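Report on one structure; see the data block that follows.
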Amino acid sequence: MRSPKQIIASIGLVGLMTTLAVGGLTGTASADACPSGATCAYTTTNYGGAPGPVYGNNTDLRSFAKWTGAESIYNNGTQCNVYVYSSTSYGGARYPLNKGTGWKTISGSSIWHHAWSNKWFGTGC
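As numbered in mature numbering (1 follows the signal peptide of the UniProt record, and there is no 0), residues -31 to -1, 1 to 94 make up the sequence shown, in order.
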């Protein structure tokens, strides 16, 4: 027969293992998957899922599902900041995003599901 201390220790171990297992499945998202030199759009908040990378200036991103359904964006550029626009050909609302930074959510902005063009800016761009 097990002592009360052994039973409590067993319950604690099971609880710890359950917490670790669930925590591993629901860990926080990061933009690590965005390739170096790209700006990436994600169709979920917090950079969830596979990134939709683009490089250089793009006047029409409507053919990229990740950009027309964007909910978070990360600039993994190596030299430049990027403007993200709500319309094609650098039109509509313009949002500057510094290199090495991102928006975990763009909810409430005019680029929510409408990030339709981008243009790099800064020294040497």
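Just so it is clear, CB atoms sit at the ideal spot from N, CA and C, and this is done for glycine as well.
Please read all numbers here as calculations on a predicted model, not as lab measurements.
If distances are taken between C-alpha atoms only, which option among the options comes closest to residue i?
{"i": "residue 57", "options": "38, 31, 39", "result": "31"}
{"i": "residue 23", "options": "46, 17, 29, 7", "result": "7"}
{"i": "residue 18", "options": "82, 89, 60, -1", "result": "-1"}
{"i": "residue 5", "options": "48, 63, 94, 89", "result": "48"}
{"i": "residue 82", "options": "38, 11, 10, 2", "result": "38"}
Using only the alpha-carbon positions, how far apart do residue i and residue j sit?
{"i": "residue 84", "j": "residue 68", "result": "17 angstroms"}
{"i": "residue 25", "j": "residue 77", "result": "26 angstroms"}
{"i": "residue -5", "j": "residue 61", "result": "Note that residue -5 scores a pLDDT of 31, beneath 50, so its modelled location is shaky and nothing firm can be said."}
{"i": "residue 55", "j": "residue 14", "result": "18 angstroms"}
Let me confirm a value: residue i is counted as buried when at least 16 other C-beta atoms fall within 10 Å, else exposed. Which label applies?
{"i": "residue 34", "result": "exposed"}
{"i": "residue 71", "result": "buried"}
{"i": "residue 20", "result": "buried"}
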